[in-house]
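Asker: Each protein sequence line maps, in turn, to chains Z and C. As numbered in this note's numbering, the first sequence has no gaps in its residue numbers, which increase by one up to the final residue, 605. As numbered in this note's numbering, the second sequence has no gaps in its residue numbers, which increase by one up to the final residue, 145.
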Amino acid sequence: MSIRARLLLLILFATLIPALVGGMQFLERRDSEITAAQRDLAAAAQRVARVLRDTVRATAQLHYGLSRARDLDTQDKAACSAFLADVLKEHPQYTGILTITPKGDLFCDSLRTGRALNLTDRQYFQSALNSKTPLAVEPAFGRLTGIAVLQVAYASRRETGEPRFVLLASLNLEKYMQPRATSLPRETAVIALMDGKGTILTWHPDGEKLRGTSIADSPLFRFARERHGEEVREDIEAGGVSRIWAASALPEFPEAGLHVLVGVARKDLLASANRNLNQGLAILAVVSLLVFAGGWALVELGIRRQSARIIAAVARFSRGDFGARIGQPYPRGEIGGLMAALDHAFELMQAQRDVIQQLNADLERRVAGRTARLEASIKELEGFTYTISHDLRTPLRAIDGFSRIMEEDCAGKLDDEGRRLLGVIRANSRRMGELIDDLLEFSRLGRKSLSNTTIDMRRQVEEVMGSLQVPGKRLPRLEIGALPPASGDAALVKLAWTNLLGNAVKFSSKREQPVIEVSGRENGGENVYCVKDNGAGFDMQYYNKLFGVFQRLHSTEDFPGTGVGLAIVQRVVSLHGGRVWAEGKVNEGAEFYFSLPNGGVDGPI
Amino acid sequence: MDQFEKVDILLVEDNPADAELTMRALRKGNLANHITWLKDGAAALDFIFRTGEYAGRPEQYPRLILLDIKLPKVDGIEVLKRIKADERTKVIPVVMVTSSAEGRDITESYKLGVNSYVVKPVEFSQFSDTVAKAGLYWMLVNKTP
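Structure representation (structure tokens):
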């Protein structure tokens with residue numbers, strides 16, 4: 001995970017958690033705002049109920065006052081009707097005020113229609129006359145207008161308790177409730193009044209059609225009847241509008257059974273809370289974004305960009321650009337410290353590298369010098385061998401040639417001893433020629449570059465044995481065991497086989513049944529090969545002379561040779577990184593071993 | 001007739017013993033009619049190109065040159081180079097006869113266009129054989145028209 005991603009995550013967490021807490025707070029506030037709005041709704045319902053109750057009481061007081069007025073204590077129907085008409089003018093909230101005789105006949109009438117009406121069967125009349133309290137309240141619909149009124153009746157009695165008349169004022173509920181509806185603060189507010197049986201008395205606004213209908217069976221009416229107080233109810237109306245209702249009642253007038261319902265559209269009730277919530281969340285989002293951006297800027301400039309500088313410099317440095325530096329400016333704090341320390345380290349490393357380069361250059365110069373000197377000495381050596389090859393052979397050729405000429409031209413002048421002596425001279429000059437040739441071959445080995453191939457050792461042994469075959473001479477019996485293939489310079493390895501097998505043939509030639517055994521095996525990282533014969537063998541006492549140049553353990557008369565063969569074998573094997581060793585017993589035979597590393601030579605030497 | 005007038009074989013060899021042995025070998029192979037023996041490279045060049053001591057020699061080139069590599073004054077390789085660089089002499093067969101079997105000499109000689117390279121064996125009979133065969137072969141190849 002990159003530093004950028006880690007830091008981004010960190011800042012995200014650092015911003016997100018306060019944002020979440022803030023968001024929760026806003027949500028809680030919204031809830032409490034909604035609760036408050038609901039409480040307001042319930043309070044509004046209660047207020048409407050209270051005001052209505054006060055109005056009823058005020059009506060009762062009006063009745064009480066009127067019952068004592070002399071204008072009503074008269075038999076003059078017209079006069080008292082005029083008086084009540086005047087009173088009505090003062091109290092336009094009533095549709096009419098009238099008095100009813102104890103027999104139930106309409107007497108004074110503020111409307112002064114002069115109609116004759118018996119109201120005995122009216123419940124308010126009976127209730128006012130017969131109950132303990134003189135006041136009776138009953139909702140009703142106007143017979144002509146259809147408008148809901150609240151009949152407030154009051155029984156006036158003489159001191160004896162005999163009823164004088166019943167006063168009735170009809171409160172125009174339609175008119176009365178209308179301003180209540182407009183006084184509610186919310187646009188979608190609905191205020192409804194219903195009687196105890198669930199008949200809608202008023203419904204504002206726009207509730208003329210609902211007037212007189214019954215909602216007795218609806219859950220809303222059940223709620224209104226049973227739950228008074230702060231509780232609210234949510235109803236989804238036809239049309240999908242969800243409305244929240246609060247209810248209140250006038251328990252002081254149980255016979256009227258009045259219920260007040262106040263409802264507002266849910267979205268209206270929640271609007272303010274939601275608006276506040278949205279505002280709050282918007283502010284929170286902006287603040288969170290600012291915090292995030294600020295944090296990000298700090299991290300980007302203070303950490304990410306600085307680490308990128310460090311990484312870039314380190315990468316350049318590790319690619320071999322030793323001049324790479326992070327460079328100024330170093331920010332304050334740990335990162336700046338790290339940058340300064342790294343630059344210092346780079347400085348030191350560059351200095352050390354310069355020193356190393358200097359040393360390397362010196363070393364190379366010295367190596368070049370030594371190589372030149374070495375090449376010069378190799379050249380010298382080559383010149384030396386060349387000289388040997390050329391100059392030493394020339395006199396030999398003369399010795400041999402002139403001895404021969406003497407043999408041919410002066411044969412008659414020589415006796416047998418003279419001829420023998422000439423033979424000795426010729427034999428020795430030939431031998432010296434062989435010595436020189438072998439020495440040259442041996443010294444050439446040291447200058448050879450080695451190739452590296454896989455060598456079929458069995459085939460080499462067979463080829464070498466084939467080449468050792470001399471017509472008329474019997475070769476020893478050859479037993480070839482397992483011979484694992486070797487890696488190395490095929491020509492040189494063949495030279496080693498030639499010398500080893502040649503020796504074995506030579507030194508076993510005096511046996512009646514000469515046997516040569518050739519075998520090999522893998523031993524760790526190298527192959528070990530062995531040539532064993534049952535020939536003359538050698539004395540282990542002289543082992544240290546065995547592989548020396550011109551070292552011989554047998555006389556030339558017994559076994560001809562120059563003593564270079566085993567030295568050549570040793571040089572060939574050591575050029576390949578292997579070893580040579582031998583075991584022998586006089587007159588019983590010898591075993592010669594050589595080892596070659598499995599991987600062959602490293603390359604040209 | 002001048003002694004240099006008809007030269008079949010030019011032998012350039014500083015060692016008198018080797019020269020004598022070589023000439024004996026050539027003689028044995030019946031190639032000894034006109035052998036000129038010179039002891040160093042400078043003399044050989046003078047002889048071939050008729051300069052210095054041999055300025056007065058008529059223009060006639062040997063049919064075969066036997067050249068030792070190690071020679072005083074001018075060595076055999078240089079003499080070979082001069083012979084093979086000259087239009088008049090480059091067709092003359094040159095056989096390097098030397099006691100050295102050094103690789104660099106052989107390579108150098110063949111690069112310069114030598115016709116044959118003979119390593120003198122130590123043993124006289126072999127030496128005699130080799131020189132006689134080489135001489136005969138090249139004399140036969142380079143017949144005078």
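For glycine and all other residues, C-beta sits at the position ideal for the given N, C-alpha and C. Here the structure is a predicted model, which is why all the values come from computation and not from measurement.
If we define contact as Cβ-Cβ less than 9 angstroms, is Pro560 (chain Z) a contact residue for chain C?
Answerer: If you number the first sequence from 1, residue 560 (chain Z) lands on position 560. So, not an interface residue.
Asker: What residues in the stretch 432-457 of chain Z bring their beta carbon closer than 7 angstroms to a beta carbon of chain C?
Answerer: Answer set for the stretch 432-457 of chain Z: Gly433.
Asker: Can you find the residues in the same chain that come closer than 6 angstroms, C-beta to C-beta, to Arg579 (chain Z), ignoring five residues on each side of it along the sequence?
Answerer: For the purposes of this step, residue 579 (chain Z) is taken as residue 579 along the first sequence, with counting starting at 1. The residues are Ser595.
Asker: Can you tell me whether Ile283 (chain Z) is buried or exposed, with buried defined as 16 or more other CB within 10 angstroms of its CB?
Answerer: In the first sequence, the residue the question calls residue 283 (chain Z) occupies position 283. Exposed, because fewer than 16 other Cβ atoms sit within 10 Å of the Cβ of Ile283 (chain Z).
Asker: Relative to chain D, which residues along the stretch 119-134 of chain C have a C-beta separation below 9 angstroms, given in chain order?
Answerer: The chain labelled as chain D is not found among the protein chains of the depicted structure, namely Z and C.
Asker: Taking Ile405 (chain Z) as the query, report the chain C residues whose CB atoms sit under 9 angstroms from its CB, ordered along the chain.
Answerer: Walking along the first sequence from the start, residue 405 (chain Z) turns up at place 405. Going along chain C in sequence order, the residues near Ile405 (chain Z) (Cβ under 9 angstroms) are Glu20, Leu21, Arg24 and Phe124.
Asker: Could you compute how far the alpha carbon of Gly212 (chain Z) sits from the alpha carbon of Gly146 (chain Z)?
Answerer: Counting from 1 along the first sequence, the entry for residue 212 (chain Z) is found at position 212. Counting from 1 along the first sequence, the entry for residue 146 (chain Z) is found at position 146. If you take the alpha carbons of Gly212 (chain Z) and Gly146 (chain Z), they lie about 8 angstroms apart.
Asker: Apart from the five residues on each side of it in sequence, which residues of its chain come closer than 6 angstroms, Cβ to Cβ, to Gly383 (chain Z)?
Answerer: Locating residue 383 (chain Z) in the first sequence gives position 383, where the first residue counts as 1. Result list for Gly383 (chain Z): empty, nothing under 6 angstroms.
Asker: Report the residue from Z:Ile425, Z:Leu566 and Z:Thr99 whose alpha carbon sits nearest the alpha carbon of Leu501 (chain Z).
Answerer: On the first sequence, position 501 is the one that residue 501 (chain Z) refers to. It is Z:Leu566.
Asker: Just confirm the distance between the C-beta atoms of Arg319 (chain Z) and Leu445 (chain Z), as a whole number of angstroms; I'd bet it's less than 8 angstroms.
Answerer: In the first sequence, the residue the question calls residue 319 (chain Z) occupies position 319. In the first sequence, the residue the question calls residue 445 (chain Z) occupies position 445. About 47 angstroms separates the two Cβ atoms, so there is no contact after all.
Asker: Is the stretch 189-207 of chain Z touching the stretch 163-171 of chain Z, taking contact as three or more C-beta pairs under 8 angstroms?
Answerer: Too few Cβ pairs lie closer than 8 angstroms, so no.
Asker: Verify the CB distance criterion: does Lys90 (chain C) have a CB-CB separation below 9 angstroms to chain Z?
Answerer: Numbered from its first residue, the second sequence carries residue 90 (chain C) at position 90. No, Lys90 (chain C) lies away from the interface with chain Z (no Cβ there is under 9 angstroms from its Cβ).
Asker: Against chain C, which members of the stretch 523-556 of chain Z pass a CB distance test of less than 9 angstroms?
Answerer: Result list empty, no residue passes.
Asker: Need the endpoints of the alpha helix (DSSP H) that Asp533 (chain Z) sits in, please.
Answerer: Your numbering for residue 533 (chain Z) matches position 533 in the first sequence. Here Asp533 (chain Z) belongs to no alpha helix (DSSP H); instead the beta strand (DSSP E) covers Glu526 to Asp533.
Asker: Go ahead and pull the three-state DSSP assignment for Pro139 (chain Z).
Answerer: Start at 1 with the first residue of the first sequence, and residue 139 (chain Z) comes out as number 139. Here Pro139 (chain Z) sits in strand by DSSP.
Asker: DSSP three-state call for Leu276 (chain Z): helix, strand or coil?
Answerer: Here residue 276 (chain Z) corresponds to residue number 276 of the first sequence, with the count starting at 1. Reading the sequence as shown, one finds Asn at residue 276 (chain Z) and not Leu. In the structure shown, Asn276 (chain Z) sits in a helix (DSSP, three-state: H, G or I).
Asker: Kindly indicate if chain Z contains any beta-carbon less than 9 angstroms away from that of Lys39 (chain C).
Answerer: Locating residue 39 (chain C) in the second sequence gives position 39, where the first residue counts as 1. Cβ-Cβ to chain Z under 9 angstroms: no for Lys39 (chain C).
Asker: Ile516 (chain Z) and Val505 (chain Z): beta carbons closer than 9 angstroms?
Answerer: Counting from one through the first sequence, the residue named residue 516 (chain Z) turns up at place 516. Counting from one through the first sequence, the residue named residue 505 (chain Z) turns up at place 505. Yes, the pair counts as a contact, with Cβ atoms nearer than the cut-off.
Asker: For Glu526 (chain Z), which residues from the same chain have a beta carbon less than 8 angstroms from its beta carbon, with the 5 sequence-adjacent residues on both sides left out?
Answerer: Reading the first sequence from its first residue, position 526 is the one you call residue 526 (chain Z). The residues are Gly578, Ser595, Leu596, Pro597 and Asn598.
Asker: At the 9 angstroms Cβ level, is Asn15 (chain C) part of the contact set with chain Z, yes or no?
Answerer: Taking the second sequence and counting its residues from 1, the one referred to as residue 15 (chain C) is at position 15. Yes, its Cβ sits closer than 9 angstroms to a Cβ of chain Z.
Asker: Look up Lys77 (chain Z) in the DSSP assignment and say whether it is helix, strand or coil.
Answerer: Along the first sequence, one-based indexing puts residue 77 (chain Z) at 77. Looking at Lys77 (chain Z) - three-state DSSP - the assignment turns out to be helix.
Asker: May I ask which residues mark the beginning and end of the beta strand (DSSP E) holding His259 (chain Z)?
Answerer: Along the first sequence, one-based indexing puts residue 259 (chain Z) at 259. Note, His259 (chain Z): beta strand (DSSP E), His259 to Ala265.
Asker: Quick check on Lys73 (chain C) - is its C-beta less than 9 angstroms from some C-beta in chain Z?
Answerer: For the purposes of this step, residue 73 (chain C) is identified with residue 73 of the second sequence, where counting begins at 1. For Lys73 (chain C), the answer is no, since every Cβ of chain Z falls outside 9 angstroms of its Cβ.
Asker: Select from the stretch 415-432 of chain Z all residues with a C-beta closer than 9 angstroms to any C-beta belonging to chain C, and list them in chain order.
Answerer: If the cut-off is 9 angstroms between Cβ atoms, the stretch 415-432 of chain Z has Arg426, Ser429, Arg430 and Met432 near chain C.
Asker: What are the boundary residues of the alpha helix (DSSP H) that includes Glu78 (chain C)?
Answerer: Numbered from its first residue, the second sequence carries residue 78 (chain C) at position 78. First-last of the alpha helix (DSSP H) with Glu78 (chain C): Gly76 to Ala85.
Asker: Given this structure, state the Cα-to-Cα distance separating Asp109 (chain Z) from Arg157 (chain Z), to the nearest angstrom.
Answerer: The sequence position of residue 109 (chain Z) within the first sequence is 109, counting from 1. The sequence position of residue 157 (chain Z) within the first sequence is 157, counting from 1. Distance between the alpha carbons of Asp109 (chain Z) and Arg157 (chain Z) is about 19 angstroms.
Asker: Less than 8 angstroms between the CB atoms is what I'm expecting for Pro156 (chain C) and Leu21 (chain C), so what's the real figure, rounded?
Answerer: Since the displayed chain C opens at 1 and closes at 145, residue 156 (chain C) lies outside it and no answer follows.
Asker: Excluding sequence positions up to five away, which residues of its chain have a Cβ less than 7 angstroms from the Cβ of Leu111 (chain Z)?
Answerer: Reading the first sequence from its first residue, position 111 is the one you call residue 111 (chain Z). Excluding sequence neighbours, Leu111 (chain Z) sits near Gly96.
Asker: Secondary structure at Gly488 (chain Z), three-state DSSP: helix, strand or coil?
Answerer: In the first sequence, the residue the question calls residue 488 (chain Z) occupies position 488. In this structure, Gly488 (chain Z) counts as strand in the three-state DSSP scheme.
Asker: Mind checking which residues open and close the beta strand (DSSP E) that includes Arg477 (chain Z)?
Answerer: Position 477 of the first sequence, counted from the start, is the residue given in the question as residue 477 (chain Z). Segment Arg477 to Ile480, the beta strand (DSSP E) holding Arg477 (chain Z).
Asker: Between Phe592 (chain Z) and chain C, is any beta-carbon pair separated by less than 9 angstroms?
Answerer: Indexing the first sequence from 1 puts residue 592 (chain Z) at position 592. No, because no Cβ of chain C sits closer than 9 angstroms to the Cβ of Phe592 (chain Z).
Asker: Taking C-beta to C-beta, are Arg393 (chain Z) and Ser99 (chain C) nearer than 9 angstroms?
Answerer: Numbered from 1 along the first sequence, position 393 holds the residue referred to as residue 393 (chain Z). Numbered from 1 along the second sequence, position 99 holds the residue referred to as residue 99 (chain C). Yes.
Asker: How about His259 (chain Z) and Phe292 (chain Z): do their beta carbons lie closer than 9 angstroms?
Answerer: Locating residue 259 (chain Z) in the first sequence gives position 259, where the first residue counts as 1. Locating residue 292 (chain Z) in the first sequence gives position 292, where the first residue counts as 1. Cβ distance not < 9 angstroms, so His259 (chain Z) and Phe292 (chain Z) don't count as in contact.
Asker: Do Val241 (chain Z) and Arg266 (chain Z) count as a contact pair if the criterion is CB distance below 9 angstroms?
Answerer: Residue mapping note: residue 266 (chain Z) aligns to position 266 of the first sequence, counting from 1. Residue mapping note: residue 241 (chain Z) aligns to position 241 of the first sequence, counting from 1. In contact: Arg266 (chain Z) and Val241 (chain Z) (Cβ atoms closer than 9 angstroms).
Asker: Measuring CB atoms only, is the stretch 38-47 of chain C touching the stretch 63-72 of chain C, in the sense that at least three cross pairs come out at less than 8 angstroms?
Answerer: The stretch 38-47 of chain C is in contact with the stretch 63-72 of chain C.
Asker: Based on the DSSP secondary-structure assignment, which residues constitute the bridge partners of Trp245 (chain Z)?
Answerer: Within the first sequence, numbered from 1, the residue matching residue 245 (chain Z) stands at position 245. Per DSSP, Z:Arg233 and Z:Gly263.
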